[in-house]
Amino acid sequence: MDLNTVKYLADLSKLEYTDEKLAKTAGEMTSIMELMDTIKDIDITYDAHLDNHNVYLDGLRRDEIMPSMPTEKVLSNAVNSKNCFVVPKVVE
Amino acid sequence: MDIQTMKISALREAYDKKDISVKEVTECYLDRIEKYDGELDCYITLTKEKALAQAEKAQKRINDGKAEPLTGIPMAIKDNICTVGVKTTCSSNILENFIPPYNATAMDKLDEMDIVMLGKVSMDEFAMGGSTQTSAFKKTKNPYNKACVPGGSSGGSAAAVAADLCAAALGSDTGGSIRQPAAFCGVTGIKPTYGRVSRFGLVAFASSLDQIGPVGKDSLDCGIILNAICGADHHDGTTEKQPVTDFTAKIGGSLKGMKIALPAEFFAEGIDDDVKASVMNAAKEYEKMGAELVNCSMPSLKYAIPCYYILACAEAASNLSRYDGIKYGHRTAEADSYEELIIKSRSEGFGDEVKRRILLGNYCLSSGYYDAYYRKALGLRQLIRKEYNDIFSKCDVILTPSTPSVAYRPDEKVDDPVKMYQADICTVTVNIAGLPAVNTTCGYNADGMPIGMSVIGRKFDEATILQVSSAFENGFDVKKPKL
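For the protein sequence lines, the chains are A and B, in the order given.
If you use my numbering, the first sequence corresponds to residues -4 to 87, in order.
If you use my numbering, the second sequence corresponds to residues 148 to 630, in order.
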């Protein structure tokens, strides 16, 4: 896997690497993909119908309003919470 | 009375007869943790005060004659299972200070029985690994040889049970994360059928594969815990709605006439000779008990590793996109923009293995590669399920090694992701097919390291696999680790 592909994947994944780490990761990803590529040896097609034809909907819970978690608890693990989630300014 | 080696069933009897108090047992385990965990590194968070308070509550319930099977049993909980008010780190810097405002359903069920929680135990970061060496906090050692890994990802759970630093533990299993460390540490662990135990409150890794399960000193203990934590849950739509049976009901029953399948591919090249010999020896023991051994084949096993890693990493890449440094978890100290905040928080918080798996998952899901990797892996999953169904049309259970080798030293493979992934060959197909499987010890190698075997069952037939594993345990001489 070349450096540009790994850089592209890192961007997609919202991750950043130093140049040195990016090169190391590219080497590791190349070895990993060689292992993953063994599935190319088998000719097989996924049958979506087989997985989805007997989905039963009668066991679902009723669509009714239930108590939700208090705001204080929802925010208890957020940094800089002032009764809301605080993020850097998005709109200039 | 040797408290620390007592199984749940023995503790229950002793509690109910008032031969021993919950406080005595809890203090015994806390003393052992203080004495031995400095070297073993099982516990990330020790909840001593909470444990002593729970012991008092449990004792009152016992005294009132209202004890449940797990009342007063000291347990360790894997650190990816949410515990209200107690840090749940997932062994990751990104969740280093995360204190869940709610309990996992499995934890709620244990609390309803008034267990004693001793603490939260280490694991591979986000359950991604087979050595517990990717933990950001505690790289747990194997109690049988501290230079070796305990396996993973539930390495803290298995090592704590093996070293008698708890009576039993909860782990989770996405590709072998209960069975493999149980094998390396010489204890019993069951991965229940997908849908048997609610995943609500289990930090998500790969949602179509994850399952919470018990690690214990034997199969009976695992069955008792599974009885407590299983069942339908409106928070998890994938839980089985049918009423459950007693998973310990068949233990002690005759194996006469039972058909045990031995798939040739699980005993092929790549599996160490001492492991093969030990599992085959166990098979012969089953034959002596009246079971019939049936040779069979599972040709798709050679594609199991890529199938598993493509599916698991694709799901992980999606699940872990929630970590943005905003709602909870690590947040970078300085960021000028929203985008930079997310990128820096994630890059600082996740470890190398987690990042690799996110990259792999996003690669397999990205435009141009989805059909070649992800969709093809879904096709392979169907093939693996079919091959299991074919075997179960002729046999009752399947017997395989749990691992290709015994526990190894970290420098032998931990730094090589490909070697680490290949070591999961004996366990991943069970998760891919959503089946139950139990690991129990079937022997020790020349160096005294435990060897594990797995009994795999039909969907929702945990009772039979526990019957089979327990039958072997009853005549087996367990060698405890020397700490």
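The C-beta atom is built at its ideal place from N, Cα and C for all residues, glycine as well.
Buried versus exposed, by CB contacts within 10 Å (16 or more), residue i
| i | result |
| --- | --- |
| C79/A | exposed |
| L158/B | buried |
| H44/A | exposed |
| K560/B | buried |
| I603/B | buried |
| K68/A | exposed |
| H477/B | buried |
| S616/B | buried |
| K629/B | exposed |
| K285/B | buried |
| R532/B | buried |
| M31/A | buried |
Helix, strand or coil at residue i [DSSP, three-state]
| i | result |
| --- | --- |
| V69/A | helix |
| D638/B | In the structure displayed, chain B extends from 148 to 630; residue 638/B sits before or after that span and is not available. |
| K364/B | coil |
| Y591/B | strand |
| M427/B | helix |
| Y555/B | coil |
| L546/B | strand |
| C443/B | strand |
| K406/B | strand |
| P564/B | helix |
| T611/B | helix |
| G302/B | helix |
| P216/B | coil |
| G496/B | helix |
| A584/B | strand |
| L126/B | Absent from the model: residue 126/B. The displayed extent of chain B is 148 to 630, so no value can be given. |
| P597/B | strand |
| T230/B | strand |
| I167/B | coil |
| N289/B | strand |
| V308/B | helix |
| V602/B | strand |
| R478/B | coil |
| C237/B | coil |
| V1/A | helix |
| R57/A | coil |
| V74/A | coil |
| M436/B | coil |
| P453/B | helix |
| A463/B | helix |
| K195/B | helix |
Which residues DSSP lists as bridging residue i, in chain order
| i | result |
| --- | --- |
| P221/B | V263/B |
| T335/B | G363/B |
| V82/A | Paired residues: none, contrary to the question. |
| L317/B | I224/B and P361/B |
| Y190/B | V268/B |
| V344/B | C377/B |
Rounded C-alpha distance that separates residue i from residue j
| i | j | result |
| --- | --- | --- |
| G277/B | D271/B | 7 Å |
| S404/B | P453/B | Here the sequence assigns Gly to residue 404/B, which means Ser is not the residue at that position. Spanning the two alpha carbons is a distance of roughly 37 Å. |
| G22/A | M(-4)/A | 7 Å |
| D163/B | D368/B | 17 Å |
| D6/A | A464/B | 13 Å |
| G384/B | E196/B | 35 Å |
| D188/B | N374/B | 29 Å |
| L10/A | I489/B | 8 Å |
| A315/B | Y341/B | 21 Å |
| Q529/B | I155/B | 39 Å |
| C589/B | P583/B | 19 Å |
| G437/B | K288/B | 39 Å |
| D190/B | I37/A | Inspection of the sequence shows that residue 190/B is occupied by Tyr rather than by Asp. So the alpha carbons of these two residues sit roughly 44 Å apart. |
| Q151/B | I407/B | 34 Å |
| I39/A | P410/B | 22 Å |
| A429/B | V233/B | 42 Å |
| L507/B | A461/B | 7 Å |
| F347/B | K77/A | 28 Å |
Segment contact flag, the segment 327 to 340 of chain B with the segment 593 to 609 of chain B, C-beta cutoff 8 Å, min 3 pairs: yes
Hey, is the segment 216 to 235 of chain B in contact with the segment 254 to 269 of chain B, meaning 3+ C-beta pairs nearer than 8 Å? yes
Is the segment 52 to 61 of chain A in contact with the segment 476 to 484 of chain B, if contact means three or more CB pairs nearer than 8 Å? no
Touch check for the segment 442 to 459 of chain B and the segment 530 to 537 of chain B: three-plus C-beta pairs under 8 Å? yes
If contact is defined by three or more beta carbon pairs under 8 Å, each pair taking one atom from either stretch, is the segment 392 to 407 of chain B in contact with the segment 421 to 429 of chain B? no
Contact between the segment 252 to 261 of chain B and the segment 562 to 574 of chain B: three or more CB pairs below 8 Å? no
Check each residue of the segment 555 to 575 of chain B: if its Cβ is closer than 7 Å to any Cβ of chain C, include it; give the result in chain order. Within the model displayed, chain C is absent; protein chains A and B are what it includes.
Does the count of Cβ pairs from the segment 346 to 358 of chain B and the segment 315 to 327 of chain B closer than 8 Å reach three? yes
Contact between the segment 357 to 367 of chain B and the segment 301 to 312 of chain B: three or more CB pairs below 8 Å? yes
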